[in-house]
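Per my numbering, the sequence shown starts with residue 108, numbered consecutively. Built from N, CA and C at the ideal position, the CB exists for glycine as well.
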Amino acid sequence: MKHPPTEQERSARAIGAGRAMAGGSGAKPGYPAPQRHYTLADSVYEQILSDIVDGVLPENARLPAEGALAERFGVSRPVVREALARLRDDGIVVSRRGSGSYVTARPSRVVRAFAPLSSIADMQRCFEFRVGLEGEAARQAALRRNDEDIARIKAALATLDEILVTTSLGVEEDYQFHLAVAAATHNRFYVGTLEFLHESITTGMNLTRNLSLRRSSERLRVVQNEHYEVMTAIVAGEGEGAARAMRAHLENARRRVFEGVDNDDATGGALR
């Protein structure tokens, strides 16, 4: 017998409908606007993450059992399992056989200042997608680049070097570097995909670069050094090295989403 939807389910569906109608766009002219279907697992992920960020569930704390979480959120156990799987993928919780799930990392409250928690899961999945896409793009760029491509990549890096001096954010400049690598593949599908994902990519960059600046300007220098490793391999024509450097850069960026300043420091003065 099918039970009527719970209040939690009705709420999640209403939020999803509203977000789908909003469209979210970031799409370039000529592309359809991407629509994000907000699921029950998204809602559970967001609420558990919120409890962790706020310290309701501190580091090393054991999460309630799946059944208790399902009852609390008015959803099925498979929905809870999907949300927990995403939290595990993001390095926030870990499952211990026969014991349950435990909090392993507590993201900074500062994350809320730059992005709603509801968007964090999408950011992480976008980084995950980019690891494969841009890793292969870097490989192809190393094999196909010409002098003009190399000049464009070096120019993008030079602009980012200037950003470091002025301590500006440099989100669009960072995006242009990745676009220059994609253009060096001489495959319009790599460029087209990055252009289509422009809003999603720059949203992630905005968060990671903001958090890096709050820790110290040296964190952006670390990011820039990763860019240089990608460029060096491309210039040398080392396909495997370029792919490896780009994948490492994006995996590091994905981890940096949850490496903010100290949670109890509202001003961002103290670093952890």
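{"Asked": "Give me the Cβ distance between residue 240 and residue 300, rounded to the nearest whole Å; I'm assuming they're in contact under 8 Å.", "Found": "6 Å"}
{"Asked": "Give every residue of the same chain whose Cβ lies closer than 8 Å to the Cβ of residue 108, excluding the five residues on either side of it in the sequence, and list them in chain order.", "Found": "With a pLDDT of 44 at residue 108, under the threshold of 50, the modelled position of that residue is not reliable, and no figure is offered here."}
{"Asked": "Quick one: grab the DSSP three-state call for residue 364.", "Found": "coil"}
{"Asked": "Identify whether residue 209 lies in helix, strand or coil by the three-state DSSP scheme.", "Found": "strand"}
{"Asked": "Counting Cβ pairs, one atom from each stretch, are 3 or more of them under 8 Å apart for the segment 221-234 and the segment 260-268?", "Found": "no"}
{"Asked": "Just curious, the beta strand (DSSP E) that residue 202 is in, first and last residue?", "Found": "200-203"}
{"Asked": "Does DSSP put residue 169 in a helix, in a strand, or in coil?", "Found": "strand"}
{"Asked": "Which complete alpha helix (DSSP H) runs does the segment 297-359 hold, if anything under 4 residues is left out?", "Found": "305-322 and 324-342"}
{"Asked": "As a quick exercise: from 319, 176, 166 and 284, pick the residue whose alpha carbon is nearest that of residue 362.", "Found": "319"}
{"Asked": "What's the C-alpha gap between residue 317 and residue 276?", "Found": "7 Å"}
{"Asked": "What residue range is occupied by the uninterrupted alpha helix (DSSP H) comprising residue 218?", "Found": "218-221"}
{"Asked": "Please determine if the segment 231-247 and the segment 300-311 are in contact, where contact requires at least 3 C-beta pairs separated by less than 8 Å.", "Found": "yes"}
{"Asked": "Looking at C-beta atoms only, is the number of pairs between the segment 170-190 and the segment 241-256 that lie closer than 8 Å three or more?", "Found": "no"}
{"Asked": "Looking at residue 212 and residue 153, is the spacing between their C-beta atoms short of 8 Å?", "Found": "no"}
{"Asked": "Closer than 8 Å is the cut-off here; do at least three beta carbon pairs connect the segment 285-304 with the segment 196-214?", "Found": "no"}
{"Asked": "Leaving out five residues before and five after residue 248 in sequence, what residues of the same chain have Cβ atoms less than 6 Å from its Cβ?", "Found": "288, 291, 292 and 341"}
{"Asked": "Should residue 346 and residue 246 be called a contact, given that it needs their Cβ atoms to be closer than 8 Å?", "Found": "yes"}
{"Asked": "Out of 183, 351 and 364, which one is the CA nearest neighbour of residue 337?", "Found": "351"}
{"Asked": "What whole-angstrom Cβ distance do residue 278 and residue 312 have, given they're in contact under 8 Å?", "Found": "5 Å"}
{"Asked": "Residue 324: buried (16+ other C-beta within 10 angstroms of its C-beta) or exposed?", "Found": "exposed"}
{"Asked": "Looking only at its own chain, which residues have a Cβ that is under 6 Å from the Cβ of residue 104, when we skip the five neighbours before and after it?", "Found": "Residue 104 is absent from the structure shown; the chain starts at 108 and stops at 379."}
{"Asked": "Suppose you measure from the CA of residue 216 to the CA of residue 181; what does that come to, to the nearest Å?", "Found": "27 Å"}
{"Asked": "For residue 354, I'd like the list of residues in its chain whose CB is within less than 7 Å of its CB, leaving aside the five on either flank, ordered along the chain.", "Found": "238 and 242"}
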